[in-house]
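Visitor: Dropping the structure in here first, questions after.
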Amino acid sequence: MAWLSGGCLCGRVRYEADSYGAIVDYCHCDTCRRSTGGATVAWMQVRPDRFRVVSGEAATHASSPEMVRSFCGACGSQLFMTDAKGRSVGVTVGTLDDKTAVAPAAHGWDGDRPSWLCLADGLPRFSADPDYDN
Ligand SMILES: [Zn+2]
Ligand SMILES: [Zn+2]
1070 MAWLSGGCLC GRVRYEADSY GAIVDYCHCD TCRRSTGGAT VAWMQVRPDR
1120 FRVVSGEAAT HASSPEMVRS FCGACGSQLF MTDAKGRSVG VTVGTLDDKT
1170 AVAPAAHGWD GDRPSWLCLA DGLPRFSADP DYDN
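Numbering (my numbering), first residue to last: 1070 to 1203.
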């Protein structure tokens, strides 16, 4: 187990997540890009029982019938995403206190990636949802 801590920009919402066995990847989908304002988003997917909010309370937005995104209502940082089936919690790697604790191992939704975003890292690419998410 390797519990990592993280939180939003203003510090109101803090969380902890266990990175052991986590799936870490980029998502280049249009929804992730628009909901964060970033060129791409790196996610760390952990089991729901391996994640906890330890201070503050996150606001939520259902970005699709299946997915709910949680963010700080004060500063707007997107912190995590849950799915209706409760399979995993996706944590935004950019909000971890140690931004080098984990590293993406694949690119999801590469078909939505803007052509100007070039990440020549040799990692596997999936044009939509990665195989391991289905
Ligand atoms: Zn905040
Ligand atoms: Zn996405």
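A virtual CB, placed ideally from N, CA and C, is assigned to each residue, including glycine. Keep in mind the model is a prediction, meaning the values are calculated, not measured.
Which residues mark the beginning and the end of the beta strand (DSSP E) in which residue 1167 is found?
Guide: It is not in any beta strand (DSSP E) - residue 1167 carries neither H nor E in the DSSP assignment.
Visitor: What does residue 1176 pair with, by DSSP beta-bridge criteria?
Guide: DSSP output for residue 1176 lists 1095 and 1194 as bridge partner(s).
Visitor: Suppose only complete runs of 4+ residues qualify. What are the alpha helix (DSSP H) ranges in the stretch 1114 to 1146, listed by chain order?
Guide: As far as the stretch 1114 to 1146 is concerned, it has no whole alpha helix (DSSP H) run of at least 4 residues.
Visitor: Residue 1096: which of 1184, 1180 and 1190 sits nearest, CA to CA?
Guide: Minimum Cα distance to residue 1096 is reached at 1180.
Visitor: Would you mind reading off the limits of the beta strand (DSSP E) that contains residue 1185?
Guide: It is not in any beta strand (DSSP E) - residue 1185 carries neither H nor E in the DSSP assignment.
Visitor: If we count Cβ pairs, one from each stretch, closer than 8 Å, do we get three or more for the stretch 1150 to 1165 versus the stretch 1185 to 1199?
Guide: No: fewer than three Cβ pairs fall under 8 Å.
Visitor: Since I believe residue 1088 is in contact with residue 1073 (beta carbons under 8 Å), could you give me their beta-carbon distance rounded to a whole number of angstroms?
Guide: That belief holds up - the Cβ atoms of residue 1073 and residue 1088 are roughly 5 Å apart, short of 8 Å.
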